[in-house]
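Residue numbers (the numbering used here), protein chains in the order written: chain A, 112 to 340; chain B, 56 to 438. Structure first, commentary second.
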Amino acid sequence: MPADGLNYTGNSYDNTSQLGATTWRHVAFVEQVDKTRRRESSRWLMMSDVCKHCVEAPCQEACPTGSIIYNEFGNVYVQPDICNGCGYCIVACPFGVLERSDNDGHVHKCTLCYDRQKSDMTPACAKACPTESIQFGPIEELRERAQARVEALQAQGETRAYLYGAEATPEYSELNAFFLLTDHPNAYNLPETPKKATKGMFARYVVSLAVGVALTGLSALLFARGGNE
Amino acid sequence: MPEKRVREHTNAAEIPAQAGGLTRPTPAPTDPTTRKGRRRDEPRPSYYDVPMLKPPVWRWEIASYFFLGGLSAGAYILARMAARFGGKKYEEVTDIGTAVAATAFLPCAPLLIHDLGDPKRLHYMLRIFKPKSPMNLGSWVLTGYGATLTLAALNQWRKGSRKGQEISAFVPSGLVNVASGATDIAADGIGVPLALLLAGYTSVLLSTTSNPLWTRKIWLGAVFSSSAIASGAEAINLAREIRAPAPGPSSAGDPVRTIAAVARVTEAVAITGYLKETGELAEPITKGKYSPLFKYGAIGAGLVVATACDLLPVKNPKTKRALRIAGAVAGLAGGLALRWAITLGGHPSGSDPAAARKSSQPEGSPEDESGLPLSAEPADKLL
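Written out as structure tokens, the structure is:
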């Protein structure tokens, strides 16, 4: 994978900024420094961001070639030999995960180490993480573990702790990669409520066709009337 | 079959266990800094203004394809309606309309290929049939429409040109008539529905994305379909005026001119509806870089100038003809500007984290009841 280059954002210790074709994981680093210099209200927030591997993934639904699939592990996977670089998944994703590479014209994103999983190995990110902040395992077990962790944090006084994406909302499916956060999702550059753009798609087809049919019908009437004169 | 393993992962951005000073006391629910009871218009925290979404990769090729595909579909529909219902009197409309539709269709596939990241793989669009993806459905529609348009254009050429008559003379006339009749039925029964889809699916393609300028905008379909029919009618009018040896007769009662005018009014209503439902998220085309294209091109030229040229009471036939040509050109330029503004406007919209944050807010009550924690001040203001 080609290097991203060395950039200095000047924002925080996060100099990667966002996910992309060559950045499959990135750590959002939020520095909340109180200007009054009351140390107790200053804090650092860190979130290791990654493709969410949505249970119902908009990128997979959008993909016109069938390149994006759910693999046998339930991960959302872009098959590089099929992607033709149309760019539809890029705008379908509500998290801004996918990007088209200028090198080969295909879209790339986190594969959740499909190759390693096939060899019964843990994805490299979870394997490498020294603090066990990134965890990998059966999804139900992870949800239970994460819920227990939230409760433990709450009991310790971190009342802001909650899970992002562990449960489906009326607007969106669960995320197979979900997060334990302690601030508003926007603080980590996550959407407050990711929305399914396919919702109401049929009605939008109907509206566009209805206008077309009405104008077509009117033209038929006008031609028939003019032709009979 | 291998046993299906469900192995997922989570990703917990945990703060260290609380040792002393890192927590703030939980504010009371009425406190304006908590999310409960917070007004929706209050600023949300942001992440150093880094874009939340990715802007589209589509450039002028896709915007132009949206215009030309719509124009082709509009001209084709009018050509078929003239053939089916207009009889001998409107043969010229069928003739010119089919030619216009074919001419506008020709650059479509090259434009789509040029836009692809991997241009050798256009045909991968047809690997599968997946109507849930508007782009996949559109690829099939474009293919089917191309086939019926080719048949209709060939049949039109056979009827209208001497060369066509000479070639078809080699075939028994009964066979020619059967083939011609079957082509007409296919051109109307299959071609017209496909043309209607071609005119409209591009709007659904855009509205089925997360881009704040496009996402779930129901009026976009009305905008694109009416603009497609208007462009098709104006292209036919332009070709008729240019081809006619003398300035044509009075425009009153000409179906193509009337349809163009009605489609423009429909488009004006639809654009108003679209701007209203999009609200301040329409800023990329109402205030930003693409606002001149939208205001002066799509609305100014496409709607105002084109309608004015139609309505000006001019007696002199030469001036009248000049006005008609000017009006048709302005209408076509407006249709192109509309697709360019809306498609390219997706770039600033997708790169704007504030637009993405607003677009992802829950719908419904102005009070936020989701109960998620919210920092006292946006992170960037704290620094």
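Yeah, the Cβ is synthetic: ideal placement off N, Cα and C, and Gly gets one too.
query: Partner residues on chain A for residue 140 of chain B, Cβ-Cβ distance less than 7 Å; result: 331, 334, 335, 338
query: Alpha carbon of residue 128 of chain A to alpha carbon of residue 239 of chain A, nearest angstrom; result: 21 Å
query: 7 Å Cβ shell around residue 249 of chain B - same chain, five flanking residues per side excluded; result: 196, 199, 200, 203
query: 8 Å Cβ cutoff met for residue 292 of chain A and residue 275 of chain A; result: yes
query: Among B:322, B:404, B:336, B:205, the one whose alpha carbon lies nearest that of residue 358 of chain B; result: B:322
query: Contact list for residue 180 of chain A against chain C, beta-carbon separation under 8 Å; result: Although the question refers to chain C, the structure presented lacks it and instead comprises the protein chains A and B.
query: Length at least 3, wholly inside the segment 224-272 of chain A: the beta strand (DSSP E) runs in chain order; result: 245-248
query: Distance CB(residue 378 of chain B)-CB(residue 369 of chain B) smaller than 8 Å; result: yes
query: Opposing strand residues paired with residue 395 of chain B [DSSP bridges]; result: Beta-bridge pairing links residue 395 of chain B to no other residue.
query: Segment contact, 8 Å Cβ cut-off, at least three pairs: the segment 386-405 of chain B with the segment 342-361 of chain B; result: yes
query: Residues near residue 167 of chain A by beta carbon distance below 7 Å, same chain, minus five either side; result: 284
query: Beta bridge counterpart(s) of residue 163 of chain B as assigned by DSSP; result: Bridge partners of residue 163 of chain B: none, in fact.
query: Same chain, Cβ closer than 8 Å to residue 291 of chain B, five either side skipped, listed in chain order; result: 130, 133, 134, 148, 151, 152, 155, 311
query: Reduced DSSP secondary structure (H/G/I, E/B, other) of residue 200 of chain A; result: helix
query: Interface flag, residue 266 of chain B vs chain A, CB-CB below 8 Å; result: yes
query: Residue 100 of chain B vs residue 297 of chain A beta-carbon contact at 8 Å; result: yes
query: Residue 367 of chain B versus residue 223 of chain B: straight-line alpha-carbon distance, rounded; result: 46 Å
query: Which of helix, strand or coil DSSP assigns to residue 331 of chain A; result: helix
query: CB contact check: residue 111 of chain B to chain A, cutoff 8 Å; result: yes
query: Where residue 219 of chain A sits in the DSSP three-state scheme; result: strand
query: Proximity to residue 335 of chain B [Cα-Cα], best of B:171, B:211, B:409, B:280; result: B:409
query: Bounding residues of the beta strand (DSSP E) (the contiguous stretch that carries residue 188 of chain A); result: 187-189
query: Residue 195 of chain B (DSSP reduced to helix, strand or coil); result: helix
query: Sufficient close CB pairs (3 or more, under 8 Å) joining the segment 184-202 of chain A to the segment 316-334 of chain A; result: no
query: Chain A within 8 Å of residue 191 of chain B, Cβ atoms only; result: yes
query: Residue 263 of chain B CB to nearest heavy atom of the ligand NAD below 7 Å; result: No copy of the ligand NAD occurs in the structure displayed, which carries no ligand at all.
query: Residues, ordered as in the chain, of the segment 160-180 of chain B that lie near chain A by beta-carbon distance below 9 Å; result: 167, 170, 171, 172, 173, 174, 175, 176, 177, 178, 179, 180
query: Nearest-angstrom Cα separation, counted from residue 162 of chain A out to residue 288 of chain A; result: 7 Å
query: Chain B within 8 Å of residue 115 of chain A, Cβ atoms only; result: no
query: Chain-ordered neighbours of residue 308 of chain B on chain A, where CB pairs are closer than 9 Å; result: 333, 336, 337, 340
query: Residues near residue 178 of chain A by beta carbon distance below 7 Å, same chain, minus five either side; result: 189, 190, 193, 194
query: is_contact[residue 326 of chain B, chain A] using C-beta, thresh 8 Å; result: no
query: Option nearest residue 120 of chain A by Cα separation, candidates A:141, A:216, A:279, A:226; result: A:141
query: Short CB-CB distance (under 8 Å) between residue 444 of chain B and chain A; result: The first residue shown for chain B is 56 and the last is 438, placing residue 444 of chain B beyond what the model contains.
query: For residue 136 of chain A, three-class secondary structure by DSSP; result: strand
query: Beta-ladder partner(s) of residue 112 of chain A, from DSSP; result: According to DSSP, residue 112 of chain A bridges with nothing at all.
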